[in-house]
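Below: one structure, written as structure tokens.
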Amino acid sequence: MNIDNWILELKASLSTAKKEILVNLRYPLWVVFWAIMPIFWLAPFILQGRALVGGRFSESFGELTGTKDFITFAIIGSSLYAYVMSALWGTGLSLRREQWGGTLEMILISPCNKFSILFGKALSDSILTSFYAIIQFALASLIFGAMVKVENLGFAISVVLLMILAFYGIGFVLSGVILMYKEPGALLNFVDTLIYTICPVNYPLRALMLFLGSAGYYIVMVSIFFPLTPALEIVRTLLLPSFNPYLNVATAISYLVATMVIFLIGGMYLFNFVDKIIRKKGGVEAY
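So the mapping is simple: my numbering equals the position in the sequence shown, first residue as 1, plus 67.
In structure tokens form, the structure reads like this:
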């Protein structure tokens, strides 16, 4: 592809992203829901934690993580997990939604590369999710209190961008698989629950080995394979005063970059593979 073709593909991605954002903004109540509702999902963990330890700081939590502030720890985890939900329920369902609307065939026979469309849809999800995450973090900080090192915020955002690219690949794979099997609910709920359970969204990684012993070590190894885990370790190290991560920053960055490359390239390859199977079976037009 020459530079002119790249520019055209970029325009296709940006146009797709713009269209998706405008469609979402046509439903303002959903925008308000996703900006505020995750705080209510987080609140029970924080309120229960405060009830158990008698305040916002926990000595035993500090022994595991280096920081006694479990509230800021949980707020950071919840904010980053929003991008996982975006990749699964946004990008993963994007082409299936086009099929529901009767526009999938037109997209697939358009002269632009299908990944330009997918990247555009993923970009719109990332922009909207960033908007939601900023509001969630700000409101949760005001309501529950959060103390972060603001001077490292730029580095933390760079890490989040790497994580987002990695989850694009996961979204591409799920998008193809959902087109093949049509029913997204069971698959997306399983993957969503798996990632939420084994990744340290609301608990430190060391807790797995503390309570599960040797089995916990193997679960940690699986957890690190998902880009959310190294991203959480890095962001918490950058933003949480005195946080002592299970993975040091250099190791976590190497894991994150590796998972980004593997998931992004592997996701595109697997989507192409599934797409060929769907076309051979005539599954594109099948509802």
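Even glycine gets a Cβ: it sits at the ideal position worked out from N, Cα and C.
What residues match up with Phe124 in a beta bridge as DSSP calls it?
Beta-bridge partners assigned by DSSP to Phe124: Asp136.
What first and last residue would you give for the alpha helix (DSSP H) that runs through Val227?
Element bounds for Val227: Leu220 to Tyr248.
When the Cα atoms are used, what is the spatial distance from Met104 to Ala110?
Distance between Met104 and Ala110, taken at the CA atoms: about 10 angstroms.
Here's the rule: buried if 16 or more other CB atoms are within 10 angstroms of the residue's CB, otherwise exposed. What is Trp108?
Exposed.
If you reduce the DSSP assignment to three classes, tell me which class Asn91 lands in.
Asn91 sits in a helix when the DSSP states are folded into three classes.
Counting only runs of 4+ residues fully inside the region 247-311, write out the alpha helix (DSSP H) ranges in chain order.
Counting only runs of 4 or more residues that sit fully inside the region 247-311, the alpha helix (DSSP H) segments are 252-265, 273-279, 281-292 and 295-306, in chain order.
Does Ser177 come out as helix, strand or coil in the three-state DSSP assignment?
DSSP, read as helix, strand or coil, puts Ser177 in coil.
Leaving out five residues before and five after Val226 in sequence, what residues of the same chain have Cβ atoms less than 6 angstroms from its Cβ?
Setting aside the 5 residues that flank it on each side, Val226 is surrounded in the same chain by Ala298, Ile301 and Val302, each with a C-beta closer than 6 angstroms to its C-beta; the list follows chain order.
Report, in whole angstroms, the separation of the C-beta atoms of Ala84 and Ser146, which I expect to be a contact under 8 angstroms.
Under the criterion of beta carbons closer than 8 angstroms, Ala84 and Ser146 do not qualify as touching, at roughly 22 angstroms.
Alpha carbon to alpha carbon, what distance is there between Gly116 and Glu87?
Rounded to whole angstroms, Glu87 to Gly116 spans 39 angstroms at the Cα level.
Just the Cα atoms here: how many angstroms apart are Asp136 and Tyr284?
CA-to-CA, the gap between Asp136 and Tyr284 works out to about 25 angstroms.
Return the first residue and the last residue of the alpha helix (DSSP H) that Leu162 is part of.
The continuous alpha helix (DSSP H) containing Leu162 extends over residues Ser161 to Gly168.
Measuring CB to CB, does Leu323 end up less than 8 angstroms from Met230?
For the pair Leu323 and Met230, the CB atoms are nearer than the 8 angstroms cut-off.
Around the C-beta of Asp71, are 16 or more other C-beta atoms found within 10 angstroms, so that it is buried, or is it exposed?
Of the other Cβ atoms in all chains shown, fewer than 16 fall within 10 Å of the Cβ of Asp71; this residue is therefore exposed.
Euclidean distance between Cα positions of Ala282 and Met276:
C-alpha separation (whole angstroms): 7 angstroms.
Taking only the alpha-carbon atoms, compute the straight-line gap between Phe100 and Ala207 and give it to the nearest angstrom.
Put simply, the backbone Cα of Phe100 is about 15 angstroms away from that of Ala207.
Let's test the definition: count the other Cβ atoms within 10 Å of the Cβ of Ala141 and tell me whether it reaches 16, buried, or not, exposed.
Residue burial annotation: Ala141 is buried, with at least 16 other C-beta atoms found within 10 angstroms of its C-beta.
Smallest Cα separation from Val268: which of Leu305, Ile106, Gly144 and Phe330?
Taking each of Leu305, Ile106, Gly144 and Phe330 in turn and checking the Cα distance to Val268, the smallest one comes out for Gly144.
Is it buried or exposed, Lys188, if we count other Cβ atoms within 10 angstroms and call 16 or more buried?
A residue is called buried once 16 or more other Cβ atoms fall within 10 Å of its Cβ, and Lys188 is buried on that count.
Between the beta-carbon of Leu255 and the beta-carbon of Arg163, is there less than 8 angstroms?
Result no, Cβ atoms of Leu255 and Arg163 do not sit closer than 8 angstroms.
Given a threshold of 16 other Cβ atoms within 10 Å of its Cβ, counted over all protein chains shown, does Ala317 qualify as buried or as exposed?
Exposed, by the Cβ-count rule.
Taking 8 angstroms as the CB-CB cut-off, is Ser191 touching chain C?
No chain C is present in this structure, which holds just one protein chain.
Are there 16 or more other CB atoms within 10 angstroms of the CB of Val341, so buried, or fewer, so exposed?
Burial check for Val341: the Cβ neighbour count within 10 Å reaches 16 or more, so the residue is buried.
When you compare each of Thr134, Leu119, Ser127 and Asn180 to Leu77 by their alpha carbons, which one comes out closest?
Taking only the C-alpha atoms, the option nearest Leu77 is Asn180.
Given Ile184, which residues of its chain have a CB within under 6 angstroms of its CB, disregarding the five upstream and five downstream residues?
Non-local beta-carbon contacts of Ile184 in its own chain, meaning distances under 6 angstroms to residues more than five positions away in sequence, involve Thr83 and Ile174 in chain order.
Proximal residues to Phe292 (C-beta, below 8 angstroms), its chain only, five neighbours per side dropped
Cβ neighbours of Phe292 beyond the five flanking positions: Thr326.
Note down the Cα distance separating Leu34 from Ile237, rounded to an integer number of angstroms.
The requested residue 34 is not part of the displayed model; the chain covers only 68 to 354.
Apart from the five residues just before and just after Leu241, which ones in its own chain have a Cβ nearer than 6 angstroms to its Cβ?
Cβ neighbours of Leu241 beyond the five flanking positions: Gly159.
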